[in-house]
Amino acid sequence: MLSKEQIKHIATLARLELSEAEELKYSQELSHILNYIDKLNQVNTEDVLITSQIGGLVNSWREDEVRSWNRAEVELALAQGELTGGQVKVKRVL
Amino acid sequence: MELNRLTIIEARAKLDSGEISARQLTEACLNQIAATNERLNAVLTLCTETARLEADEADKRLKNGERRPLLGIPYLCKDNIMTKGIRTTAASKILENYTAPYDATVILKLKEAGAILLGKTNLDEFAHGASTENSAYGPTKNPWDLSRVPGGSSGGSAAAVAADLCIFALGSDTGGSIRYPSAFCGVIGYKSAYGAVSRSGLLSMTSSTDVIGPITKTVADAVLVYNEIAGLDELDATTYPGNRLVEFKSDVKGLKIGLPKEYFVDGLDPEIKAAINQVKNELEKAGAIFSEVSLPYTEYGIPVYYIITPSEVSSNLARFDGIAWGFKAEEANDLQEFYKKSRGQGFGPEAKRRIMLGTFALSAGYFDAYYKKAQAVRTLICQDFSQAFSEFDLLLTPTSPHPAFKIGEISNDPLAMYLEDIYVTGASLAGLPAISLPAGLADREGKKLPIAGQLIAPRGSENKLFSAASVWGDKIKINKNNFI
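Okay, here's the thing in structure tokens:
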């Protein structure tokens, strides 16, 4: 069972604000799901290489060259944040 | 016949002969959307004006003698695929007002091919779910029975194809999200091999299993769409050049097909079991050779998937910080609080559940026990398949354990919802091409509901997969009786 403290810690790592009710709900649900997932411990995985990719490709190289991006696309992308003098405005850090 | 009910191949013949125009075909689909979407909630955003412009452009190209498989064919696209200048929400509140600044590679390819984008379809928020009930914009209804779910997460696309709102649709499949709703809605759903179709412009969920694929009315239509969208793309380093133009003929003679015994255990609806047996008999008559095969690690597919997916989800959704785009919380004093409030208020319950689960599985002290363990068991699941494919050309399985369930029936039990993916996660974890096809109809409370089966192939054997699927599609048809 995940404790309330563990849930609060995970929520902080994940940058999620949770209500008291959500903390309780997720502590129960995650514990229930993890109990099921613990089934994996039945499998002996000693000497088994972990999967890192499934595509069969080894290395996929291309030239590292600078290409221009469509200006209208860049503007549309930037226009969705809060802008100040053409720069995306960020909340104060300190 | 109403034009929106045509398949791609039927519409193609009429467009090429000049019997109908792309504009007429588009209007027929727009009319069907207008007549049914209030009840179905399959379409979240409609692109009426641009669709008409694209249709007129396609008519010009047709008039000039151009001939291409999808020229003038209207389609709908799952709303987790970027469409330039069009709202792209992933069915999340966090992207409610987000306009995609560029086109996904598949959208660019379809534009060039002359296909007409009608709009964007509903899904479980960020494709997290098996029922489309996790959408921030309300569930999609199953056109066979409006009190039931269409399956998920590409539920809007599957319901739209079933109810003829479009000629075909695009979905995405991470752990069954094309095949499972296609099963519930009685349509064809093709999950391409990992890397066969570019993921550039698909909102990342589980980057190691995400694929885009077609949802169609026939197998031949699925091949046409697949051929247009597949291929190498330098914007997605996991794509590869091979197998784009599949050679496909309706033929199963001499193909060895395995029936994985772990897929036919308790919990499988007896009617589905019988329907798959019927498929087997038909394919056998057509020359396929069947025998049982064992995939011993099958039962670990769900636990592996529900560690790997939340882990990748927690990482991929970290980019939603409320700053450059997306939902922003009011009244936050500092950056940390702003992140927490924006994400806490912007994400829905299942997205939060997966972010929490994944953050836990990747956190210090638990990474080896959960994430690395799951990736090791995943290797064994992949080996199960390679071993089976050393003896067999294809595998035949059910797609879902039962026909469509009622809206609200299991939505309060997250683990029960995860277990719905039991027959579809294997091919995703191993990156294999797989297709779901209708296998028959079951009676539930006086309504007919589709049931389905799945064929899985090794990478590079798309031709065999489509050849066998085509025979299946020719032998076993379900009557749609124009329900809506």
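Residue numbers (our numbering), protein chains in the order written: chain A, 1010 to 1103; chain B, 27 to 510. Glycine residues also receive a C-beta, built at the ideal position from the N, C-alpha and C atoms. Remember, it's a predicted structure, so these values are computed and weren't measured experimentally.
| Item | Value |
| --- | --- |
| What residue ranges within the stretch 351-385 of chain B form continuous alpha helix (DSSP H) runs of no fewer than 4 residues, ordered along the chain? | 361-372 |
| Does DSSP put B/Y128 in a helix, in a strand, or in coil? | coil |
| Buried or exposed for B/Q480, going by 16 or more other Cβ atoms inside 10 Å? | buried |
| With distances taken from CA atoms, which of B/P240, B/V245, B/S234 is nearest B/A263? | B/S234 |
| Give, in chain order, every residue of the stretch 241-264 of chain B whose Cβ lies closer than 7 Å to some Cβ of chain A. | E260, A263, T264 |
| May I have the straight-line CA-CA distance separating A/E1038 from B/F316, to the nearest angstrom? | 42 Å |
| Let me know the beta strand (DSSP E) ranges lying completely inside the stretch 243-306 of chain B, each 3 residues or longer, listed in chain order. | 282-286 |
| Under a three-way DSSP split, which group does A/E1026 fall into? | coil |
| Measuring CB atoms only, is the stretch 449-460 of chain B touching the stretch 213-232 of chain B, in the sense that at least three cross pairs come out at less than 8 Å? | yes |
| With a CB to CB cut of under 6 Å and the five nearest residues on each side skipped, what residues in its chain are close to B/K501? | E308 |
| Which same chain residues end up closer than 7 Å to A/E1055 when comparing Cβ atoms and leaving out the 5 residues on each side of it in sequence? | none |
| Please state if the CB of B/I333 and the CB of A/I1046 are separated by a distance shorter than 8 Å. | yes |
| Please identify, using Cβ separations under 8 Å, the residues of the stretch 385-407 of chain B that lie next to chain A, in order along the chain. | T385, F386, S389, Y396, K398, K399, A400, Q401, A402, V403, R404, T405, L406 |
| Considering only the alpha carbon of each residue, which of B/P95, B/Q50, B/P375, B/Y323 lies closest to B/A414? | B/Y323 |
| Does B/N175 come out as helix, strand or coil in the three-state DSSP assignment? | The displayed chain sequence assigns Val, not Asn, to residue 175 of chain B. Looking at B/V175 - three-state DSSP - the assignment turns out to be coil, as it is neither helix nor strand. |
| Quick one: is A/R1080 near chain B, going by C-beta distance under 8 Å? | no |
| Compile a chain-ordered list of the residues in the stretch 1060-1075 of chain A whose CB is closer than 8 Å to at least one CB of chain B. | T1060, S1061, Q1062, I1063, G1064, G1065, L1066, S1069, R1071 |
| Name, please, each residue of chain A whose Cβ falls closer than 7 Å to the Cβ of B/Y124. | Q1089 |
| By the criterion of Cβ-Cβ separation under 8 Å, what are the contact partners of B/L361 in chain A? | V1099, K1100, R1101, V1102 |
| In the DSSP assignment, find the beta strand (DSSP E) that holds B/R470 and state where it starts and stops. | 460-470 |
| Which residues in chain A have a C-beta closer than 7 Å to the C-beta of B/I436? List them in chain order. | Near B/I436 there are no residues of chain A at all, since even the closest Cβ is about 14 Å away, more than 7 Å. |
| For B/G472, count neighbouring C-beta atoms within 10 Å of its own C-beta (all shown protein chains included) and say buried if the count is 16 or more, exposed if not. | exposed |
| What residue does the alpha helix (DSSP H) around B/F210 start on, and which one ends it? | 205-211 |
| So the candidates are B/K474, B/Q409, B/L475; which of them puts its Cα closest to the Cα of A/V1057? | B/Q409 |
| Rounded C-beta distance between B/L422 and B/I283? I'm assuming under 8 Å. | 5 Å |
| What is the residue span of the beta strand (DSSP E) that B/C103 lies within? | 100-104 |
| Of the choices B/G466, B/K119, B/S340, B/R369, whose alpha-carbon is the least far from that of B/S161? | B/K119 |
| Check whether the Cβ atoms of B/I193 and B/P100 lie closer than 8 Å to each other. | yes |
| What does B/P476 pair with, by DSSP beta-bridge criteria? | B/L467 |
| Are the stretch 432-448 of chain B and the stretch 384-394 of chain B touching, with three or more C-beta to C-beta distances below 8 Å? | no |
| Give the straight-line distance between the Cα atoms of A/E1029 and B/Y163, rounded to the nearest whole angstrom. | 25 Å |
| Note down, in chain order, every chain A residue with its Cβ under 7 Å from the Cβ of B/K490. | Here the premise fails: no neighbours, minimum Cβ distance about 18 Å. |
| Less than 8 Å between the C-beta atoms of A/E1032 and A/K1017, yes or no? | yes |
| Which residues in the same chain have their Cβ closer than 6 Å to the Cβ of B/G277, if we skip the five residues on either side of it in sequence? | Residue identity check: residue 277 of chain B is Asp in the sequence provided, not Gly. Closer than 6 Å at the Cβ level, and outside the excluded window around B/D277, lie S493. |
| Assess, as a yes-or-no matter, whether the stretch 39-58 of chain B is touched by the stretch 76-89 of chain B under the definition of 3 or more beta carbon pairs within less than 8 Å. | yes |
| State the start and end residues of the unbroken alpha helix (DSSP H) segment that holds B/A400. | 399-417 |
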